[in-house]
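Quick note, the working numbering runs 5 ahead of the 1-based positions in the sequence shown. Presented below is the structure to which this report refers.
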Amino acid sequence: MSLANVTHDEAINILRNAGPEVILTVKHYRSAAPFLLKGVRQLIPEQEQNMDLVDGNSNNATSAPASGLEPRDERTPSIPSASTTSQSQQHPHQKFLPPFNASSSSSSTAQCDSRIRGTSCGSTPVIDSPCSVGSDGSLSWNGIPRVKRKWVDVVEVPLMMAYITRYIFGTDKIRPNSFEVRGMNGSHTGVVHSPDLAVLSHWIKLISDYIIALTNVKAALLNRQLSSNEQISYMGWVAEGVLNSNQPWQNWTPRFFALKGIHVCVFDKPPIEAKDWNGSHVQGYKTYEAMFRIIKESENVDERQHCFLIQTTGGESRYFSMETRADLLRLESAWHRAVCFTIADLGSKTFHVVHKNLPAAFTIDWTDGFLLKSFASPNYHFIYAFSQLKSSSDDGNSTLKLEFVDPPGTRELVEQVLICPKLQDLLFYMHAFLTAKVASLDPVFLNRGRLS
């Protein structure tokens, strides 16, 4: 049946009603090829490999272009009369098309069909592309210019010390099915959207893992220039909630957060060299004079999730948010390790207090626990291990009540009342020592986060 003089719709109807198998004879129309290929040149792979096509005669095999068309006489096509044409009567350029199954999966297209490919089922040859660079170095194919496909970089964002976020910049609103990567040099990808949540999650995790790995490498390189008591144990981006006097809500500003030696450091931009850790642009606190607290979900001030609070002995509070729960827990673990190493190096801290109307020295010691000695006596009034502390309470002003289990192993409690003019400092140090003691019980935990 000839389709030379029928319309497009008529040809479609004929093919639709022709049954599960159709034998077509086609020709290559050289004059139209440059126009047909103009819009798809960049989509054709660079690879090329001659592919033999088998017809009725096994000795008559030719190389086919990407379109599946054969170069033949350009004047008129050769049309078979019907599907009843025998194999011995087939035109040497006829192609057998396997039945099309609309319900078959995409993987079925990879199945080998030796009738078409002319190869064994174990191989997957790549058809010769008229728009790829030839293996012989030729720059044209049948008069058609070849084009080597390559990717065009729209934007490039270095992942070293970068961060990925799903939040709209400066707000607590999450973009649906989207994320953005921002580099330390100010570059950013723009909003990347994916309708598939699984694909979105995969990309976010993949990029986040790369950023963490590269940032840890940078920290390890910086540690080579630092002394043993100034080692960096954590670096990463957080978002800080900043209140505005003229607005009822808070804006969110990216900050670079780091734990270095005994200090907590907050930067507006990441430190690149060792000298960048000093200066007025760095806001720092000592870990034992600051308290880290994860905010419960019911306490969040807005829609930002995974928040934590940093409180200092000076009465300052800073509210931060992390991108994921895993990021928050990673920072919490790094904080506990940093506090443990810092307190172990510090050893002890002594405060002037009043105990039973007598001036005394109250010492928190890394090895011995809680010790009290009156200035009027060379002997200690009490010594309690950390494990003996049962509870504590204060009036928010100067009075601290401590309950200890005494003697150890019993249920008897002894209350000690201390009056300290620097009560807040004392409470922060107590919290730091107790946190460090708990962390020190797990050596594996302490060694897990070393960046070296």
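C-beta: ideal position from N, C-alpha, C; glycine also. Just so it is clear, the structure is predicted and the values come from calculations on it, not from any experiment.
Can you tell me where the beta strand (DSSP E) holding residue i begins and where it ends?
| i | result |
| --- | --- |
| Q255 | 255 to 265 |
| M296 | 295 to 299 |
| T176 | Here T176 belongs to no beta strand (DSSP E), and DSSP marks it neither H nor E. |
| S232 | Per DSSP, S232 belongs to no beta strand (DSSP E) and is neither H nor E. |
| L314 | 312 to 317 |
| K291 | 288 to 291 |
| V186 | 183 to 187 |
| T170 | 168 to 170 |
Between residue i and residue j, which are expected to be in contact by the criterion C-beta below 8 Å, what is the C-beta distance as a whole number of angstroms?
| i | j | result |
| --- | --- | --- |
| L248 | I237 | Between I237 and L248 the Cβ distance is about 30 Å, and since that is not below 8 Å, they are no contact. |
| V162 | G188 | 4 Å |
| M296 | Q310 | Between Q310 and M296 the Cβ distance is about 21 Å, and since that is not below 8 Å, they are no contact. |
| E328 | T176 | Going by Cβ atoms, the distance from E328 to T176 rounds to 14 Å, so no, they are not a contact pair. |
| L164 | Y215 | 5 Å |
| H386 | H360 | 7 Å |
Taking DSSP as the reference, what is the three-state secondary structure of residue i?
| i | result |
| --- | --- |
| A349 | helix |
| H13 | helix |
| F272 | strand |
| T465 | For residue 465 there is no data in the structure shown, the boundaries of the chain being 6 and 457. |
| T329 | coil |
| V243 | strand |
| F450 | helix |
| E302 | helix |
| E337 | helix |
| S83 | Caution is warranted here: a pLDDT of 39 is assigned to S83, below 50, making its placement in the model unreliable, and no coordinate value can be reported. |
| K280 | helix |
| V344 | helix |
| L423 | strand |
| P130 | Reliability fails at P130, whose pLDDT of 43 lies under 50, so the model's placement of it is uncertain and the value that follows must be treated cautiously. Of the three classes helix, strand and coil, the one that applies to P130 here is coil, per DSSP. |
| L20 | helix |
| P25 | coil |
| T30 | coil |
| S322 | strand |
| S7 | coil |
| L164 | coil |
| S199 | coil |
| S250 | coil |
| S238 | strand |
| R455 | coil |
Just curious, the alpha helix (DSSP H) that residue i is in, first and last residue?
| i | result |
| --- | --- |
| S213 | 202 to 228 |
| L3 | Nothing about residue 3 can be reported from this structure: the residues present for the chain run from 6 to 457 only. |
Using a Cβ-Cβ cut-off of 8 Å, state whether residue i counts as contacting chain B.
| i | result |
| --- | --- |
| R171 | The structure shown has no chain B; it contains just one protein chain. |
Cβ contact check for the region 345 to 362 and the region 288 to 308: 3 or more pairs under 8 Å: yes
Report yes or no: do three or more beta-carbon pairs, one from the region 437 to 454 and one from the region 404 to 419, lie closer than 8 Å? no
Ordered list of beta strand (DSSP E) runs contained in the region 357 to 417, each at least 3 residues: Within the region 357 to 417, the complete beta strand (DSSP E) segments at least 3 residues long are 363 to 370, 374 to 379, 385 to 389, 394 to 399, 404 to 410, listed from N- to C-terminus.
Does the region 215 to 227 come close enough to the region 252 to 262 to have 3 or more Cβ pairs within less than 8 Å? The region 215 to 227 makes no contact with the region 252 to 262, as fewer than three CB pairs between them are under 8 Å.
Sufficient close CB pairs (3 or more, under 8 Å) joining the region 268 to 278 to the region 374 to 386: no
Does the region 365 to 374 come close enough to the region 329 to 339 to have 3 or more Cβ pairs within less than 8 Å? No, because fewer than three Cβ pairs between the region 365 to 374 and the region 329 to 339 fall closer than 8 Å, the two stretches do not touch.
Contact the region 177 to 186 vs the region 196 to 216: 3+ CB pairs below 8 Å: yes
Does the region 198 to 213 come close enough to the region 420 to 433 to have 3 or more Cβ pairs within less than 8 Å? no
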